[in-house]
Each structure stands twice: as structure tokens, then as C-alpha cells.
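Notes to accompany the following structure.
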Amino acid sequence: MITGKKNYNILTIAALVLVLGLPFTTSALGRDFLLLQSATTTQNSGLYDVILPKFTADTGIAVRVVAVGTGQALRNARNCDADVLLVHDHVAEEMFIKDGYGAWRRKVMYNDFVLIGPEDDPAGVADAAPVAEAVERIMHHKAGFVSRGDDSGTHKAERRIWSDLGKDPEVYSGDWYLEIGNGMGTAINFALETRSYILSDRATWTALKNKSGGRILFSGDPVLFNQYSVIPINEAHCPGIEKNKAEVFAKWILSSQGQMAIASYQRDGVPLFIPNAAP
1034 MITGKKNYNI LTIAALVLVL GLPFTTSALG RDFLLLQSAT TTQNSGLYDV
1084 ILPKFTADTG IAVRVVAVGT GQALRNARNC DADVLLVHDH VAEEMFIKDG
1134 YGAWRRKVMY NDFVLIGPED DPAGVADAAP VAEAVERIMH HKAGFVSRGD
1184 DSGTHKAERR IWSDLGKDPE VYSGDWYLEI GNGMGTAINF ALETRSYILS
1234 DRATWTALKN KSGGRILFSG DPVLFNQYSV IPINEAHCPG IEKNKAEVFA
1284 KWILSSQGQM AIASYQRDGV PLFIPNAAP
């Protein structure tokens, strides 16, 4: 007996194929590529342009990337619109695993978040101590601050900083606090155009071609550590996924080949991501 939504969809596809007179093959039911839901920071930084061709050359598996904020990537994966995730919000990732949507989670690489602002630093954040003091100075001076506002890993990291201060900057949304609901590259460009401050991952900033008018003003606080992890989707919740391809990708990116590929992506001799998969 055929039961369940996935089987019903397969029958529907089969019926449409027959009506349209198309060949009924496995490619009509499945996919010949891996679907990777990802944070925008890994896409904007140019990392995938380096590592995915190497993965495909090693395995013969093509990859299609959907680059959205980590929060959206996790929601998409809950709807089974993914085979594997590469994201950076450990709290949300652990909940995703706990709820049974992820098969397992492993650390892949890291970098850090940095506070970028106008070269003349009107809020004086460059000599602040913890990052909390830096953003408090921005609030005090009512200097422009651009928030991605998109539930991404970067946005969540920013919100944790404000929360640790006991502040809610959304009270000032549309005033000096500017929420744009967009990816990292677009958000940085907007911050530069408006002479505002912004929290960014270091890799996206480093890879940005036009940094005119802005610079890194604050970094190094331990709370700015930025871990990325890989999560294959749990087939028990999403029986239609490309499980084997997802497992191959996850194991490859954790392997010496994948870790070396990540380390090889550099700008001016400096890696944009530091591989840290457990041996």
C-alpha cells in the first residue's frame, strides 16, 4: 500500500509525465545534483567558487547552492528543501538536531565577526574594550548601524551582543538602527554608502572588492568567534532527499581533502576560513 505525502507526489509526477508523453525515468523523480542550503557569508566570500569544483572533481557530484541566512536555511531544510546544510548558528543548529531534522552535526571551519565602520570612526569604537562597549558607544552617539535583520547567523550574533547589554535596538529601527533584511555583501555595501557601522564575518569583508570609506574598527573579542558546521538532513523526516550525496559531501568537507581545500582559499596569503574538523 502506498501512503504518505512523498509517495503521493511521486504518483502525481508519474501521471503528469505520462500525460505529457515524456519518458518516465529516475531523473523525473529524483535529482542528479546535491542541494546545499547555506549561509550567505560562505557564498559572498567566494569560498564555494574554490571548494565546490574540487568536490565535484573528486566525487562526480554536482552541487547547487541556495545561499540565504542561516535561519532561513534551517527553515527550508525543515521543509525538506535541502539535502545538506552548511550554516553558522550553533544554538539553532542544536535545536534542529534535537527536533530530528538533522542526521548529525560536525564542525567544519571557523573565522570571526568584525565590527566595520567609517574610517573616521565617529562613535570612537576602535579603542573600546569588549564588543559590547563598542556597540554601546554606537547607540550613545546615535551613529548609523546597519543590521542584516534577516535571522542569519550574523544577525543572531549581533542580536546576542545587544541582548548581553540589555538593550533592544529595534526601538530605534528606522532612526539610527537600519534593518535591511538582506545578505552580507549587500548589507556591507549599504553600510559603506551610509557611513554606518555593521557587524560582518571577516571573510566577506576581506573578499569585498570595494572597501572605500570603511575599515575594521573592532575585532578579537571571544564572543565574536564564528563557527560553521555541516548537517546532513535526516532521511526519516525527509525521505525524498539525496541522502547518499549528502553523506558524501559532508564526509568530503570533513576529510583531509575538504579541509585542505578550505585552507587553500586565501587573500594576500591569509586564509578566510580556518578548517577545524575533528580528526
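Residue numbers (our numbering): 1034 to 1312.
We put the beta carbon where it would ideally sit given N, CA and C, even for glycine.
Per-residue DSSP class, three states only, for residue 1306
In the sequence shown, residue 1306 corresponds to position 273, counting from 1. The answer is coil: DSSP assigns residue 1306 none of H, G, I, E or B.
Would you mind sorting residue 1128 into buried or exposed? The rule is 16 or more other CB atoms within 10 Å of its CB.
In the sequence shown, the residue the question calls residue 1128 occupies position 95. Exposed, because fewer than 16 other Cβ atoms sit within 10 Å of the Cβ of residue 1128.
How many Å lie between residue 1227 and residue 1142 at the Cα?
As a working mapping, residue 1227 is identified with position 194 in the sequence shown. As a working mapping, residue 1142 is identified with position 109 in the sequence shown. The straight-line gap from Cα to Cα measures roughly 32 Å.
Can residue 1165 and residue 1198 be called in contact, C-beta distance under 7 Å?
Position 132 of the sequence shown, counted from the first residue, corresponds to residue 1165. Position 165 of the sequence shown, counted from the first residue, corresponds to residue 1198. In contact: residue 1165 and residue 1198 (Cβ atoms closer than 7 Å).
Let me confirm a value: residue 1093 is counted as buried when at least 16 other C-beta atoms fall within 10 Å, else exposed. Which label applies?
Translated into positions along the sequence shown, residue 1093 becomes position 60. Exposed: under 16 other Cβ atoms inside 10 Å.
Flag this pair as touching only if the stretch 1224-1244 and the stretch 1169-1187 have three or more C-beta atom pairs under 8 Å; answer yes or no.
yes
Which term fits residue 1309, buried or exposed, when burial requires 16 or more other beta carbons within 10 angstroms of its beta carbon?
Position 276 of the sequence shown, counting from 1, holds the residue named residue 1309. Exposed.
Taking its Cβ as the centre, do 16 or more other Cβ atoms sit within 10 Å of residue 1217, making it buried, or is it exposed?
Here residue 1217 is taken as the residue at index 184 of the sequence shown, counted from 1. Result: buried.
Cβ neighbours of residue 1247 in the same chain (closer than 6 Å, five flanking residues each side left out):
Stepping through the sequence shown from its first residue, residue 1247 is reached at position 214. Excluding positions up to five away in sequence, the list reads 1149, 1225.
Excluding sequence positions up to five away, which residues of its chain have a Cβ less than 7 Å from the Cβ of residue 1145?
Translated into the one-based positions of the sequence shown, residue 1145 becomes position 112. Excluding residues within five positions, the ones whose Cβ falls inside 7 Å are 1235, 1252, 1257, 1258, 1259.
Give the secondary structure of residue 1241 by DSSP, where H, G and I count as helix, E and B as strand, and everything else as coil.
As a working mapping, residue 1241 is identified with position 208 in the sequence shown. The answer is coil: DSSP assigns residue 1241 none of H, G, I, E or B.
Proximity winner among 1312, 1306, 1124, relative to residue 1284 (alpha-carbon distances)
As a first step, residue 1284 must be located in the sequence shown, where it is residue number 251. The shortest Cα separation from residue 1284 among 1312, 1306, 1124 belongs to 1312.
Which residues bound the beta strand (DSSP E) around residue 1231?
Residue numbering aside, residue 1231 sits at position 198 when the sequence shown is read from its first letter. 1230-1234 is the span of the beta strand (DSSP E), which, as asked, contains residue 1231.
Does the separation of the CB atoms of residue 1095 and residue 1103 fall below 7 Å?
One-based indexing of the sequence shown puts residue 1095 at position 62. One-based indexing of the sequence shown puts residue 1103 at position 70. Contact flag unset, no.
Buried or exposed, going by whether 16 or more other CB atoms sit within 10 Å of the CB of residue 1056?
The count along the sequence shown starts at 1 and reaches residue 1056 at position 23. Caution applies to residue 1056, whose pLDDT of 33 falls short of 50 and renders its modelled position unreliable; the model cannot decide the point.
If you compare alpha carbons, which of 1115, 1132, 1138 is closest to residue 1121?
As a first step, residue 1121 must be located in the sequence shown, where it is residue number 88. The residue with the shortest Cα to Cα distance from residue 1121 is 1138.
Among 1098, 1286, 1064, 1172, nearest to residue 1074 - alpha-carbon criterion
To locate residue 1074, count along the sequence shown from 1; it is residue 41. It is 1098.
Any idea which residues DSSP pairs residue 1009 with across the strands?
Nothing can be reported for residue 1009, as the shown portion of the chain is limited to 1034 through 1312.
DSSP state of residue 1100 mapped onto helix, strand, coil:
Within the sequence shown, the letter at position 67 stands for residue 1100. Residue 1100 falls in the strand class under three-state DSSP.
Counted within 10 angstroms of its Cβ, other Cβ atoms place residue 1071 as buried (16 or more) or exposed:
In the sequence shown, the residue the question calls residue 1071 occupies position 38. Counting Cβ neighbours within 10 Å, residue 1071 comes out buried, since at least 16 surround it.
DSSP three-state call for residue 1091: helix, strand or coil?
Translated into the one-based positions of the sequence shown, residue 1091 becomes position 58. Three-state DSSP puts residue 1091 in a helix.
Taking the alpha-carbon positions, what's the residue 1152 to residue 1237 distance?
Counting from one through the sequence shown, the residue named residue 1152 turns up at place 119. Counting from one through the sequence shown, the residue named residue 1237 turns up at place 204. Rounded to the nearest angstrom, the two C-alpha atoms are 18 Å apart.
I need the DSSP call for residue 1203, collapsed to helix, strand or coil.
Position 170 of the sequence shown holds residue 1203. Residue 1203 falls in the helix class under three-state DSSP.
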